[in-house]
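Visitor: With my numbering applied, the sequence shown corresponds to residues 56 to 366, in that order. Take this structure, written in C-alpha cells, and hold onto it; I'll ask about it next.
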Amino acid sequence: MSGHAPRDPNPQTIMNRSTISFSERLRGFLRHRLVASPAGTLLLFVQRSPLVKMLLPEAKLVTSAGLGEIATWTVATVAGLGAYDSVAGATTITQLAPTRGSTTVKATTGKNLTFVFQLSGYPDTPGSWKVTGLPAGLKHADEKNNTIDSVSGTPTESGTFRINITAYQKSGYSGDRFSKSFVMKVAQGAPADPPEIDVLQPAGVHLVDGRSGAKFATTRMGRKSGPLKFTIANTGKGDLTGLNVTLAGSGRRDFKVRQPSARTVAPGASTAFKVFFKPKSKGIRKATLRISNNDPNENPFDVKLKGRAKP
Ligand SMILES: [Ca+2]
Ligand SMILES: [Ca+2]
C-alpha cells in the first residue's frame with residue numbers, strides 16, 4: 056500500500072477501494088500519460104485495452120483475494136508487449152465540428168470557421184488547453200475546466216497548417232497532458248469585398264493599367280519640370296491598401312515621384328501624388344510609373360511616362 060491516501064474513485068468505476076494498491080502500481084507505469092484517478096485509470100485500461108479478456112479476471116481476482124502481484128505482473132507484461140500505447144489510446148481528442156471524427160479541418164479564407172474538439176476517455180475534466188499552429192484570423196476559445204474547447208474566426212491566409220492541441224489535467228498548462236494533431240486545410244476564397252483602383256491624370260481622365268501614358272513638357276537637362284498630379288481613387292467595396300509608387304525602365308532616373316499622402320484609401324475616397332521630370336540626359340526619356348496596390352487585377356497599376364530633354 057502506498058503512503059498517501061487514495062483519492063475517491065470516480066462514481067462510475069466498477070472497482071472498489073481494495074484495488075487501490077493495484078491501481079497505484081498501474082498509475083506508476085502510466086504516470087507520463089493522461090491519467091488522474093487511480094480507479095479511473097484501471098477502468099480505462101479494462102474498458103479499452105485489447106487485452107481486456109486477460110485483465111478483467113485478474114482485476115476481479117485482485118479485488119477478492121488481494122493478489123496484487125499477479126495484477127502487477129500482468130500490467131508489466133502488457134507494457135512490455137507494446138500494449139502501453141493502446142492504453143494511452145483510450146484517451147483521445149476528437150473533432151466534433153465542422154467534420155465530426157476527422158483529423159482534417161477544412162476552411163476557406165474569408166469564411167467563418169468554428170472548429171470544436173473534445174477530450175474523451177479521460178475521467179477528469181481538463182483544467183486547461185493549449186492550441187498551436189493556427190493560421191492568421193483564428194482564435195482559440197481557451198476554455199477552462201471543460202472537456203470541450205474550440206477555435207473560431209475567419210482565416211485570412213490559405214495553405215496547410217498542422218494544428219497541435221494539448222489538454223492539461225490542471226490549470227496553467229500543468230499536470231498530465233494529452234496531445235493530438237490535426238491538419239487544417241485553408242482554401243483561398245474570393246475576397247468578399249475587393250477594392251477597385253481608379254487612376255486619373257489629369258483630373259477627370261481615367262487611365263488604363265499598362266496602356267495609358269502621361270507626357271511632360273519639354274524640360275532642360277538638370278532642371279525640374281512642373282508636376283503632373285495623379286489621383287488614385289477607390290471605387291470598390293473594400294479598402295485599397297499597400298499603395299506605393301516606384302519608377303522602372305531605362306529612364307527611371309530622369310523622373311521623380313512623391314509618395315501619395317495616404318497608403319490606404321477607403322471605398323469612395325481618394326489620394327494623390329505628384330511626378331516630376333528632371334532629365335539627366337538629352338532627348339526623349341521614358342520610364343514606367345508603377346503603383347503597387349491590392350486591387351485583384353490591377354497590381355501593379357502601370358503608367359507610361361515620357362518627356363523630352365533639351366540641352
Ligand atoms: Ca480592378
Ligand atoms: Ca480599375
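All residues carry an ideal CB built from backbone N, CA and C; glycine is no exception. Source: prediction; values computed, not measured.
Give me the Cα-Cα distance between Arg88 and Lys240, rounded to the nearest whole angstrom.
Guide: At Arg88, the pLDDT of 41 sits below 50, so the modelled position is not reliable and the matter cannot be decided from this model.
Visitor: Spatial neighbours of Gly208 within its chain, please: C-beta separation below 6 Å, excluding the five flanking residues on both sides.
Guide: Gly192, Leu193 and Lys194, listed in sequence order.
Visitor: On the criterion of 16 or more Cβ atoms from any shown chain inside 10 Å, does Gly362 qualify as buried, or is it exposed?
Guide: So Gly362 ends up on the buried side.
Visitor: Please name the residue in Pro181, Ser175, Lys225 and Asn352 whose C-alpha comes closest to that of Ala145.
Guide: The option with the nearest alpha carbon to Ala145 is Ser175.
Visitor: Quick check on the burial criterion: 16 or more other C-beta atoms within 10 angstroms. Buried or exposed for Gly306?
Guide: Under this definition Gly306 is a buried residue.
Visitor: Only counting the same chain, and skipping five residues up and downstream in sequence, which positions put a Cβ closer than 6 Å to that of Thr187?
Guide: Cβ neighbours of Thr187 beyond the five flanking positions: Asn219.
Visitor: When you measure from the CB of Pro322 to every non-hydrogen atom of ligand 1, does any distance come out below 7 Å?
Guide: Not under cutoff, so the answer is no.
Visitor: Can you tell which of Lys365, Asn349, Pro366 and Ala364 has the C-alpha that lies nearest to the C-alpha of Asp253?
Guide: Nearest of Lys365, Asn349, Pro366 and Ala364 to Asp253, Cα basis: Asn349.
Visitor: Compute every distance between the C-beta of Ala282 and the non-hydrogen atoms of ligand 1, then say whether any falls below 7 Å.
Guide: For the record, residue 282 in the displayed sequence is Pro; it is not Ala. Outside the cutoff, so no.
Visitor: Shorter than 7 Å, the distance from the beta carbon of Asp357 to the closest heavy atom of ligand 2, or not?
Guide: No.
Visitor: Considering just the uninterrupted stretch of the beta strand (DSSP E) at Val238, what are its terminal residues?
Guide: Its beta strand (DSSP E) spans residues Ser229 to Ala242.
Visitor: CA-CA distance, Asn352 and Lys199?
Guide: Asn352 and Lys199: Cα-Cα distance of roughly 46 Å.
Visitor: Since Arg363 sits in a beta bridge, which residues does DSSP pair it with?
Guide: DSSP lists Ile339 as partners of Arg363.
Visitor: Assign Arg313 to one of three DSSP states: helix, strand, or coil.
Guide: In the structure shown, Arg313 sits in coil (DSSP, three-state: anything other than H, G, I, E or B).
Visitor: As a quick exercise: from Ala327, Gly214, Ser226 and Ser267, pick the residue whose alpha carbon is nearest that of Thr159.
Guide: If we check each option's Cα against that of Thr159, Gly214 comes out closest.
Visitor: Return the chain-ordered list of same chain residues with a C-beta closer than 6 Å to the C-beta of Lys235, the five sequence neighbours on each side being excluded.
Guide: Ile148 and Ile220.
Visitor: Have a look at the DSSP bridge pairing and note the partners of Asp357.
Guide: Asp357 pairs with Arg345.
Visitor: Mapping the DSSP letters down to three states, classify Arg266 as helix, strand or coil.
Guide: Reduced to three states, the DSSP call for Arg266 is coil.
Visitor: Ligand 1 heavy atoms versus the CB of Asp248: any closer than 7 Å?
Guide: Outside the cutoff, so no.
Visitor: Do Leu302 and Arg345 have their C-beta atoms closer together than 8 Å?
Guide: Cβ distance < 8 Å, so Leu302 and Arg345 count as in contact.
Visitor: Which residues have their C-beta within less than 7 Å of a heavy atom of ligand 1, listed in chain order?
Guide: This selection yields Glu251, Ile252, Asp350, Pro351, Asn352 and Glu353.
Visitor: Please classify Arg340: is it buried, with 16 or more other beta-carbons within 10 angstroms of its beta-carbon, or exposed?
Guide: The residue in question, Arg340, is buried, as its Cβ has 16 or more Cβ neighbours within 10 Å.
Visitor: Are the CB atoms of Val238 and Phe285 within a distance shorter than 8 Å?
Guide: Not in contact: Phe285 and Val238 (Cβ atoms no closer than 8 Å).
Visitor: Roughly how many angstroms lie between the CA atoms of Ser229 and Pro178, to the nearest whole one?
Guide: Straight-line Cα distance between these residues: approximately 17 Å.
Visitor: Can you tell me where the beta strand (DSSP E) holding Phe285 begins and where it ends?
Guide: Leu283 to Asn289 is the extent of the beta strand (DSSP E) around Phe285.
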